[in-house]
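Participant: Listed in order, the protein sequences are those of chains A and B. First residue of the first sequence? That's 76 in this note's numbering, and the numbers climb one at a time after it. First residue of the second sequence? That's 39 in this note's numbering, and the numbers climb one at a time after it. What follows is a single structure, and I will ask about it in a moment.
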Amino acid sequence: MARAAVQRRLSWRLGEVAELIDETPRVRSVVLGVAGWPGHRAGQHVDVRLTADDGYQAQRSYSIASAPDTPERLALTVERLDDGEVSPYLVGELRVGDTLELRGPIGGYFVWDVGMGGPLLLIAGGSGICPLMAMLRHRAARGSAVPTRLLYSSRSLEDVIYRDELHRLMATGKGLEVFHTLTRVQPPEWPGYRRRIDQDMLAEVTWPPDLHPLVFVCGPTPLVESVATALVQLGHEPGRIKTERFGPTGG
Amino acid sequence: MDETQLRLDGNAAAGLLQEVFVHELTSARGACASCGAVAEVGAQHLYMYPQSPGAVLRCSACASVLLVLVQGGGHLRLALPGFMWLEFREAGAQAG
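Here it is in structure tokens:
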């Protein structure tokens, strides 16, 4: 996507909720129609601002989960954090037709376009899948066959966000492989991994470093730190590993 | 909660930084004035403490403070104590 020729300061705009999709018991996707949306790149995020009746405002960042190729349906996928100020409202209270204040797109570092090529190695923990899903959806929308592997860590099968869509993308697209690991609860006869991501798992799933994969890692800070460290120990170039950590300030 | 738990990537500050800079700053490269390491701003370490009014960007190589952004009382204060230089891609130039 061509970058806007004239860079402008961020401004708040209104999005109207077009659809709400329950992805897991704790996670919901909010699909918005945003008038005048300037377009985005896969991996970018938006700031969302809520204003209470008394004027109190709370603001959080959410990754854009939809592809740049479907700008009329901007999707944010939000995990409910029980002590959060913003996510319980977005996951529990928001209704179709409501409006939401947001600004963006934001960020230019943790992004991937089909033109950047691959091989593409994506590693997600929990709702860290969201910006990576934008990349996978973008890749599919463009009919790209860039060799791509996703390693996705979830607590249990019911916590796997986009489970059906990932399965469909793998079945219908070219060159996409998806590996799941379930860290807490596994169904009987579960064929995937059953532990936290570690160096042995990365060695099995990833390409050798001499293929120079482009790596994107997104998840909770401890997962991102351990994955990035293990990848470097396996010989991957630090400069080709991009990370996005979730901190404790979210919600 | 230890420091590791609080650590984010510089790209988490993209929205805050865009309130000050017209250029997208997280894809800009910068050199640490302390150790000379060069990295994209988005790849540095960011500390945004809960309940605090700002953000601290530290060098991912030597942990020196590169940038501090504090918001409050209708002001946004930017301190850049640790960058030797910042390099932005000019609009229209190819990514690479």
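The C-beta atom is built at its ideal place from N, Cα and C for all residues, glycine as well.
Is there a Cβ of chain B sitting closer than 8 Å to that of A:ASP122, yes or no?
Facilitator: yes
Participant: Give me the chain A residues within the contact set of B:GLY50, using Cβ-Cβ distance strictly less than 8 Å, ordered along the chain.
Facilitator: In the sequence on display, residue 50 of chain B carries Ala and not Gly. SER136, GLU319, ARG320 and GLY322, listed in chain order.
Participant: Give me the Cβ distance between A:THR152 and A:ILE272, rounded to the nearest whole Å; I'm assuming they're in contact under 8 Å.
Facilitator: About 21 Å; that fails the 8 Å criterion.
Participant: Please list the segments of the beta strand (DSSP E) lying wholly inside the stretch 234-322 of chain A, counting only runs of 3 or more residues, in order along the chain.
Facilitator: 251-257, 289-295 and 316-321
Participant: At a Cβ cut of 7 Å, what residues of the stretch 99-128 of chain B count as close to chain A, listed as they run along the chain?
Facilitator: none
Participant: Using 8 Å for Cβ pairs, my map puts A:SER138 next to A:CYS205. What's the rounded Cβ distance?
Facilitator: Indeed, because the Cβ distance is near 4 Å, the residues count as touching under 8 Å.
Participant: Going along chain A in order, which residues have a C-beta closer than 9 Å to the C-beta of B:GLY53?
Facilitator: LEU85, HIS120, VAL121, ASP122, GLN134, SER136, ARG178, GLY179, ILE181 and GLY182
Participant: Taking the alpha-carbon positions, what's the A:ASP173 to A:VAL92 distance?
Facilitator: The alpha-carbon atoms of A:ASP173 and A:VAL92 are separated by roughly 6 Å.
Participant: Does the Cβ of A:TYR131 have 16 or more other Cβ atoms within 10 Å, making it buried, or fewer, making it exposed?
Facilitator: exposed
Participant: What residues are listed by DSSP as bridge partners for B:TRP123?
Facilitator: B:ALA69
Participant: Indicate the three-state DSSP secondary structure (helix, strand or coil) for A:LEU207 in the structure shown.
Facilitator: A:LEU207: helix per DSSP, three-state reduction.
Participant: Which one of A:GLU160, A:VAL105, A:HIS115 and A:LEU251 has the shortest CA to CA distance from A:ALA133?
Facilitator: A:GLU160
Participant: Taking all protein chains shown into account, do 16 or more other C-beta atoms lie within 10 angstroms of the C-beta of A:VAL307, making it buried, or fewer, making it exposed?
Facilitator: The residue in question, A:VAL307, is exposed, as its Cβ has fewer than 16 Cβ neighbours within 10 Å.
Participant: State the start and end residues of the unbroken alpha helix (DSSP H) segment that holds B:GLY92.
Facilitator: Here B:GLY92 belongs to no alpha helix (DSSP H); instead the beta strand (DSSP E) covers 92-96.
Participant: Helix or strand or just coil, what does DSSP make of A:GLY172?
Facilitator: coil
Participant: Classify A:LEU156 as helix, strand or coil using the three-state DSSP reduction.
Facilitator: coil
Participant: Using the beta-carbon of each residue, which ones in chain B are nearer than 7 Å to A:PHE185?
Facilitator: Within 7 Å Cβ-Cβ: ASN49 and GLY80.
Participant: With 8 Å set as the bound, which would you pick, yes or no: does the beta-carbon of B:SER72 sit closer than that to a beta-carbon of chain A?
Facilitator: no
Participant: Below 8 Å on C-beta distance, what does B:ARG45 contact in chain A?
Facilitator: THR296, GLU300, ARG320 and GLY322
Participant: Excluding the five sequence neighbours on either side, which residues of its own chain have a C-beta within less than 8 Å of the C-beta of B:TRP123, listed in chain order?
Facilitator: Cβ neighbours of B:TRP123 within its own chain (closer than 8 Å, five residues either side excluded): GLY68 and ALA69.
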